[in-house]
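**Q**
Protein chains: 2
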Amino acid sequence: MDEGVMGVLKELLEQNDSKIILLVADGLGGLPMTPGGPTELEAAHTPCLDALATISSLGLLEPVGPGITPGSGPAHLALFGYDPFRYNIGRGVLEGLGIDFQLTPRDVAARFNFATVDHSGRLVDRRAGRISTEENERRVKKLRAGITPPKGIEIFIETVKEHRGLVVLRGDGLCGEIHDTDPQGLGVPALPARAVDSKAEKTAAIVNTLISQAASILKDEEKGNMILLRGFAKHEPLPTMRERYGVHAFAIAQYPMYRGLARLVGMTVAPHTASTDEDIRMLTGNFPQYDFFYLHFKKTDSRGEDGDFAAKVAAIEELDKMIPEILQLKPSVFALTADHSTPCALAMHSWHPVPLLLHSPFCRLSGAKRFSERNCAGGPLGLRPSVHLLPILLAHARKLMKFGA
Amino acid sequence: MDEGVMGVLKELLEQNDSKIILLVADGLGGLPMTPGGPTELEAAHTPCLDALATISSLGLLEPVGPGITPGSGPAHLALFGYDPFRYNIGRGVLEGLGIDFQLTPRDVAARFNFATVDHSGRLVDRRAGRISTEENERRVKKLRAGITPPKGIEIFIETVKEHRGLVVLRGDGLCGEIHDTDPQGLGVPALPARAVDSKAEKTAAIVNTLISQAASILKDEEKGNMILLRGFAKHEPLPTMRERYGVHAFAIAQYPMYRGLARLVGMTVAPHTASTDEDIRMLTGNFPQYDFFYLHFKKTDSRGEDGDFAAKVAAIEELDKMIPEILQLKPSVFALTADHSTPCALAMHSWHPVPLLLHSPFCRLSGAKRFSERNCAGGPLGLRPSVHLLPILLAHARKLMKFGA
Numbered sequence: 001m002d003e004g005v006m007g008v009l010k011e012l013l014e015q016n017d018s019k020i021i022l023l024v025a026d027g028l029g030g031l032p033m034t035p036g037g038p039t040e041l042e043a044a045h046t047p048c049l050d051a052l053a054t055i056s057s058l059g060l061l062e063p064v065g066p067g068i069t070p071g072s073g074p075a076h077l078a079l080f081g082y083d084p085f086r087y088n089i090g091r092g093v094l095e096g097l098g099i100d101f102q103l104t105p106r107d108v109a110a111r112f113n114f115a116t117v118d119h120s121g122r123l124v125d126r127r128a129g130r131i132s133t134e135e136n137e138r139r140v141k142k143l144r145a146g147i148t149p150p151k152g153i154e155i156f157i158e159t160v161k162e163h164r165g166l167v168v169l170r171g172d173g174l175c176g177e178i179h180d181t182d183p184q185g186l187g188v189p190a191l192p193a194r195a196v197d198s199k200a201e202k203t204a205a206i207v208n209t210l211i212s213q214a215a216s217i218l219k220d221e222e223k224g225n226m227i228l229l230r231g232f233a234k235h236e237p238l239p240t241m242r243e244r245y246g247v248h249a250f251a252i253a254q255y256p257m258y259r260g261l262a263r264l265v266g267m268t269v270a271p272h273t274a275s276t277d278e279d280i281r282m283l284t285g286n287f288p289q290y291d292f293f294y295l296h297f298k299k300t301d302s303r304g305e306d307g308d309f310a311a312k313v314a315a316i317e318e319l320d321k322m323i324p325e326i327l328q329l330k331p332s333v334f335a336l337t338a339d340h341s342t343p344c345a346l347a348m349h350s351w352h353p354v355p356l357l358l359h360s361p362f363c364r365l366s367g368a369k370r371f372s373e374r375n376c377a378g379g380p381l382g383l384r385p386s387v388h389l390l391p392i393l394l395a396h397a398r399k400l401m402k403f404g405a
Numbered sequence: 406m407d408e409g410v411m412g413v414l415k416e417l418l419e420q421n422d423s424k425i426i427l428l429v430a431d432g433l434g435g436l437p438m439t440p441g442g443p444t445e446l447e448a449a450h451t452p453c454l455d456a457l458a459t460i461s462s463l464g465l466l467e468p469v470g471p472g473i474t475p476g477s478g479p480a481h482l483a484l485f486g487y488d489p490f491r492y493n494i495g496r497g498v499l500e501g502l503g504i505d506f507q508l509t510p511r512d513v514a515a516r517f518n519f520a521t522v523d524h525s526g527r528l529v530d531r532r533a534g535r536i537s538t539e540e541n542e543r544r545v546k547k548l549r550a551g552i553t554p555p556k557g558i559e560i561f562i563e564t565v566k567e568h569r570g571l572v573v574l575r576g577d578g579l580c581g582e583i584h585d586t587d588p589q590g591l592g593v594p595a596l597p598a599r600a601v602d603s604k605a606e607k608t609a610a611i612v613n614t615l616i617s618q619a620a621s622i623l624k625d626e627e628k629g630n631m632i633l634l635r636g637f638a639k640h641e642p643l644p645t646m647r648e649r650y651g652v653h654a655f656a657i658a659q660y661p662m663y664r665g666l667a668r669l670v671g672m673t674v675a676p677h678t679a680s681t682d683e684d685i686r687m688l689t690g691n692f693p694q695y696d697f698f699y700l701h702f703k704k705t706d707s708r709g710e711d712g713d714f715a716a717k718v719a720a721i722e723e724l725d726k727m728i729p730e731i732l733q734l735k736p737s738v739f740a741l742t743a744d745h746s747t748p749c750a751l752a753m754h755s756w757h758p759v760p761l762l763l764h765s766p767f768c769r770l771s772g773a774k775r776f777s778e779r780n781c782a783g784g785p786l787g788l789r790p791s792v793h794l795l796p797i798l799l800a801h802a803r804k805l806m807k808f809g810a
């Protein structure tokens, strides 16, 4: 969505009491397992969604761009109404969001791998034999105890999983414009941190001191005696959804990445819940206080990543059962869509557009009797970028005035 | 496709062995001859395409923009993944490509007409009574013999057809920012060449000397005693498909314009062939060496331009027969589409979106039983700009990595 539209939208925002619920079924979009077969959504028994589809508008959203398989970060930002190219969140920052690390605007974050080097410092394994998370945690403890940050700088070292971790530098005047230190090959030493831009030279020097301290602290480890850093990024706070779209947004999501993304756009994030029933209770309890609700359903993506068609079908059927209780809240606008597709046939995220169902009193119908990718294609909402969704939700909630006379 | 998408795409390119075949049936899109009647594609008997359509994704591509009837140049560039506005190839350069003139980056090309002026230099016929190609060639010989280019400049004068020709200036520091000399009316003299920009003043002066020499050389001709120049353009080499999209592309096309366009984006162009059977053999023979294949089928456009509905239907049926042999090569991705529509009802290019069929193991189906404009509308690929096609082909060929985490 270009900034022309955004500039105009801000002028058209209007407050009212109407409430929008956006249910994101992560990775919902699918594919047939064999040519001509059904997708996961087509194979699932979804009486509630199907009944809703007959009185809703359907369409397809393209998450980020043609042919582009998005990560959860850009895909969610698009659904929240943020152009994912303009607001391209660095990998280090996304990793921080993913482990619930509370980043501040003074932070530069980077992902790291434990790696193994030989006695002369040459890389023999860029992932340290994929050491266990416990082994990672033991090394992280040693690093935390041994590293001395320069004056005015704090250094945080965090385990992510297996050989992966997160480094955060906190201080004034730091800059994330630093090249990866991973040389992407073996038999050569790790690269020093080099500034992309002269503004980053001070930060690069701090990183290089950190790396040499880490190498010294880890030198007795047989595996994982070095760290490789990549995806350096400064944490740049985003304009909030309140500022951009005038909504008070509330997020119900369990995984750190989605909680972090919601926080990044200024949503209030609900405490953790343990089931979809609790999610619904959380939604119900907070329904009076907010006017935009983001509810994240993860299983569709997880089962898609597993490549387990039957399990993804079952997850969709579980999703279907949530619908009546959500609708009992009588939101002005209810939308169900996905951040991206995760077809079992690929067992990973894909570039395929995602199905969209939008229900409000102001819907055009397609005559479809089922909620499926096929029926969404050619639906009244068309095929459009995901970033278009938010203004359409606002319009159906009557939160946008007329443009021009 | 904005440059945000392009910038990201470059970072996502991944090499693999998968192969993409893009079959462009020139002018394939059609219209009913009478309201409610079938289009050419709907009237044709296309068992191979119909069978393929049941296991493929369908959609519509808009070549250049809403309502815009494109020439072959911009329409093909869009299919090759080049924004046709950003890469707006000048008319003079396109004319050069169209007659297989090998342009270099030091060239400024312009189209010209032989025109007729009276004794006082006023235009009486802007097309010299549409003199024959032979008469054109006779005048071109005289011009070549008589014109003296300034030091350091070469001048090429080429017959195109009937009253039309091509002038190419070759030298250092030339600039194509020059207004047309055709005043677009009679009873007035030809305009002098005027620089749009001061950088073009030297070039404009060379053109004016050329024009006065030409007028002097042609003064005894009863018709075609003057030349009018238009569409001045510097030949600017384009970034190659290899640079932009990481593919080694091979082109099979017979007409100079398409060969020239393919060369312009860095494709290797096959030697001429004499039949579609030879095209298939050329494709088969080169299949191991490249990973992107552009195959051009011209007859659908030619018969459309003739306004001959039955002949265009027959051309489509000939196209249909090529499909099984192409699929025997087992490309990872096969796409059939058109550069633009050429409906017999109009007997010319039109602005209508073109049908698109995309076959890969990762296709969503529309449930269509036939390949037709009607079934492409509302298909899973939606209606989108032609320039979106290339990234989608790369995605289906698994040549694009994930964007963001």
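Same order as they appear, the protein sequences are chains S and L. The first sequence begins at 1 in the working numbering and counts up by one. The second sequence begins at 406 in the working numbering and counts up by one. Virtual Cβ for every residue (Gly too), placed ideally from N, Cα, C. These numbers come from a predicted model, not from an experiment.
For the beta strand (DSSP E) that contains Y699 (chain L), what are its first and last residues?
**A** Here residue 699 (chain L) is taken as the residue at index 294 of the second sequence, counted from 1. Per DSSP, Y699 (chain L) belongs to the beta strand (DSSP E) from F697 to F702.
**Q** Does the segment 534-553 of chain L come into contact with the segment 622-636 of chain L, if we say contact requires no fewer than three beta-carbon pairs (one atom in each stretch) closer than 8 angstroms?
**A** These segments touch.
**Q** What are the residues that DSSP puts in a beta bridge with H359 (chain S)?
**A** Locating residue 359 (chain S) in the first sequence gives position 359, where the first residue counts as 1. According to DSSP, which records beta bridges pairwise, H359 (chain S) is partnered with S:F334.
**Q** Residue range of the alpha helix (DSSP H) that M226 (chain S) falls in?
**A** Numbered from 1 along the first sequence, position 226 holds the residue referred to as residue 226 (chain S). No alpha helix (DSSP H) contains M226 (chain S), which is instead part of the beta strand (DSSP E) from M226 to K234.
**Q** Please check the pair K807 (chain L) and H349 (chain S), which I expect to be a contact at CB under 8 angstroms, by giving their CB distance rounded to whole angstroms.
**A** Taking the second sequence and counting its residues from 1, the one referred to as residue 807 (chain L) is at position 402. Taking the first sequence and counting its residues from 1, the one referred to as residue 349 (chain S) is at position 349. K807 (chain L) to H349 (chain S), Cβ: 6 angstroms. Contact.
**Q** Taking only runs that begin and end inside the segment 421-478 of chain L, name each unbroken alpha helix (DSSP H) of 4 or more residues, in chain order.
**A** Listed in chain order, they are 445-448 and 452-458.
**Q** Alpha carbon to alpha carbon, how far is T608 (chain L) from G412 (chain L)? Give it in angstroms, no decimals.
**A** Translated into the one-based positions of the second sequence, residue 412 (chain L) becomes position 7. Translated into the one-based positions of the second sequence, residue 608 (chain L) becomes position 203. Going by the C-alpha atoms only, they are around 35 angstroms apart.
**Q** I want to see whether chain L comes within less than 8 angstroms of T69 (chain S), judged by CB atoms only; does it?
**A** Translated into positions along the first sequence, residue 69 (chain S) becomes position 69. Closer than 8 angstroms to some Cβ of chain L, the Cβ of T69 (chain S) qualifies, so yes.
**Q** When DSSP labels each residue in this structure, what does P790 (chain L) get in the three-state scheme?
**A** Position 385 of the second sequence, counted from the start, is the residue given in the question as residue 790 (chain L). Correct three-state label for P790 (chain L): strand.
**Q** Could you give the first and the last residue of the continuous alpha helix (DSSP H) run that contains T442 (chain S)?
**A** One cannot answer for residue 442 (chain S) here, as it falls past the ends of chain S, which runs 1 to 405.
**Q** Please list, in chain order, the chain L residues whose beta carbon lies closer than 8 angstroms to that of E410 (chain S).
**A** Limits of chain S in this structure are 1 at one end and 405 at the other, which puts residue 410 (chain S) out of reach.
**Q** Just to make sure I have the definition right: I need the residues of chain L whose C-beta is within less than 9 angstroms of the C-beta of S72 (chain S). Which are they?
**A** Locating residue 72 (chain S) in the first sequence gives position 72, where the first residue counts as 1. Residues of chain L passing the Cβ test: G809 and A810.
**Q** Could you name the residues of the segment 26-44 of chain S whose beta carbon sits closer than 8 angstroms to any beta carbon of chain L, in the order they occur along the chain?
**A** Against chain L - using a Cβ distance shorter than 8 angstroms - the residues of the segment 26-44 of chain S are L31, P32, P35, G36 and T39.
**Q** Considering only residues of the same chain and omitting the five flanking positions on each side of A53 (chain S), which have a CB-CB separation below 8 angstroms?
**A** Within the first sequence, numbered from 1, the residue matching residue 53 (chain S) stands at position 53. Cβ within range, chain order: L357, A368, K369, R370, F371 and N375.
**Q** Pull out every residue of the segment 343-360 of chain S whose Cβ sits closer than 9 angstroms to any Cβ of chain L, in chain order.
**A** Within the segment 343-360 of chain S, the residues whose Cβ lies closer than 9 angstroms to some Cβ of chain L are P343, A345, L346, M348, H349, S350, W351, H352 and P353, listed in chain order.
**Q** Counting Cβ pairs closer than 8 angstroms, one from the segment 509-519 of chain L and one from the segment 630-638 of chain L, do we hit at least three?
**A** Output reads yes: the segment 630-638 of chain L touches the segment 509-519 of chain L.
**Q** So which residues of chain L does E95 (chain S) contact, with C-beta pairs closer than 9 angstroms?
**A** For the purposes of this step, residue 95 (chain S) is taken as residue 95 along the first sequence, with counting starting at 1. By Cβ distance, chain L contributes A810.
**Q** Could you name the residues of the same chain whose beta carbon sits closer than 6 angstroms to that of A270 (chain S), not counting the 5 residues immediately before and after it, in chain order?
**A** Locating residue 270 (chain S) in the first sequence gives position 270, where the first residue counts as 1. Within the same chain, A270 (chain S) has close Cβ partners I252 and M282.
**Q** Pairs of beta-carbons, one from the segment 741-761 of chain L and one from the segment 469-476 of chain L, closer than 8 angstroms: are there three or more?
**A** The segment 741-761 of chain L is in contact with the segment 469-476 of chain L.
**Q** Taking only the alpha-carbon atoms, compute the straight-line gap between H450 (chain L) and L418 (chain L) and give it to the nearest angstrom.
**A** In the second sequence, counting from the first residue as 1, residue 450 (chain L) sits at position 45. In the second sequence, counting from the first residue as 1, residue 418 (chain L) sits at position 13. Taking the straight line from one Cα to the other gives about 39 angstroms.
**Q** For chain L, find out if any of its Cβ atoms is closer than 8 angstroms to the Cβ of L60 (chain S); answer yes or no.
**A** Residue numbering aside, residue 60 (chain S) sits at position 60 when the first sequence is read from its first letter. Yes, L60 (chain S) counts as interfacial toward chain L.
**Q** May I ask which residues mark the beginning and end of the beta strand (DSSP E) holding T521 (chain L)?
**A** By one-based count along the second sequence, residue 521 (chain L) stands at place 116. D512 to V522 is the span of the beta strand (DSSP E), which, as asked, contains T521 (chain L).
**Q** Given G534 (chain L), which residues of its chain have a CB within under 6 angstroms of its CB, disregarding the five upstream and five downstream residues?
**A** Numbered from 1 along the second sequence, position 129 holds the residue referred to as residue 534 (chain L). So the list reads K628, once near-sequence residues are dropped.
**Q** Compare the Cα-Cα distances from R244 (chain S) to each of S:F80, S:I316, S:S302 and S:V168 and report the closest residue.
**A** Residue mapping note: residue 244 (chain S) aligns to position 244 of the first sequence, counting from 1. Minimum Cα distance to R244 (chain S) is reached at S:F80.
**Q** Evaluate D725 (chain L) with the Cβ neighbour count: other Cβ atoms within 10 Å of its Cβ, from every protein chain shown; 16 or more gives buried, anything less gives exposed.
**A** Locating residue 725 (chain L) in the second sequence gives position 320, where the first residue counts as 1. Classification of D725 (chain L): buried, given that the 10 Å Cβ count is 16 or more.
**Q** Run through chain S and tell me which residues come within less than 7 angstroms of I504 (chain L), C-beta to C-beta.
**A** In the second sequence, counting from the first residue as 1, residue 504 (chain L) sits at position 99. In chain order: nothing, as chain S lies at least about 34 angstroms away.
**Q** Are the CB atoms of E40 (chain S) and C344 (chain S) within a distance shorter than 8 angstroms?
**A** By 1-based counting over the first sequence, the position of residue 344 (chain S) is 344. By 1-based counting over the first sequence, the position of residue 40 (chain S) is 40. Yes, the pair counts as a contact, with Cβ atoms nearer than the cut-off.
**Q** Is the CB-CB distance between G435 (chain L) and E778 (chain L) below 8 angstroms?
**A** Start at 1 with the first residue of the second sequence, and residue 435 (chain L) comes out as number 30. Start at 1 with the first residue of the second sequence, and residue 778 (chain L) comes out as number 373. Yes, Cβ-Cβ distance for G435 (chain L) and E778 (chain L) is below 8 angstroms.
**Q** Let's see if you can read the secondary structure: which residues bound the beta strand (DSSP E) around L191 (chain S)?
**A** Within the first sequence, numbered from 1, the residue matching residue 191 (chain S) stands at position 191. Counting along the chain, L191 (chain S) falls outside any beta strand (DSSP E), and DSSP gives it neither H nor E.
**Q** Kindly indicate if chain L contains any beta-carbon less than 8 angstroms away from that of A377 (chain S).
**A** On the first sequence, position 377 is the one that residue 377 (chain S) refers to. Yes, because at least one Cβ of chain L sits closer than 8 angstroms to the Cβ of A377 (chain S).
**Q** Could you say which of S:T342, S:T337 and S:G176 lies nearest to G59 (chain S) if we only look at CA atoms?
**A** The residue labelled residue 59 (chain S) in the question sits at position 59 within the first sequence. For the residues S:T342, S:T337 and S:G176, the minimum Cα distance to G59 (chain S) belongs to S:T337.
**Q** At a Cβ threshold of 8 angstroms, is P796 (chain L) touching chain S?
**A** Position 391 of the second sequence, counted from the first residue, corresponds to residue 796 (chain L). With 8 angstroms as the cut-off, P796 (chain L) counts as an interface residue toward chain S.
**Q** Are the CB atoms of S462 (chain L) and L799 (chain L) within a distance shorter than 8 angstroms?
**A** By 1-based counting over the second sequence, the position of residue 799 (chain L) is 394. By 1-based counting over the second sequence, the position of residue 462 (chain L) is 57. Cβ atoms of L799 (chain L) and S462 (chain L): not closer than 8 angstroms.
**Q** Within the 8 angstroms Cβ cut-off, does T608 (chain L) reach chain S?
**A** Position 203 of the second sequence, counting from 1, holds the residue named residue 608 (chain L). Not an interface residue.
**Q** Can you tell which of L:G551, L:A550, L:H568 and L:V572 has its C-alpha closest to the C-alpha of I560 (chain L)?
**A** For the purposes of this step, residue 560 (chain L) is taken as residue 155 along the second sequence, with counting starting at 1. The residue with the shortest Cα to Cα distance from I560 (chain L) is L:V572.
**Q** Does chain L have any CB closer than 8 angstroms to the CB of V167 (chain S)?
**A** As a first step, residue 167 (chain S) must be located in the first sequence, where it is residue number 167. Taking Cβ atoms only, chain L never reaches closer than 8 angstroms to V167 (chain S), which makes this a no.
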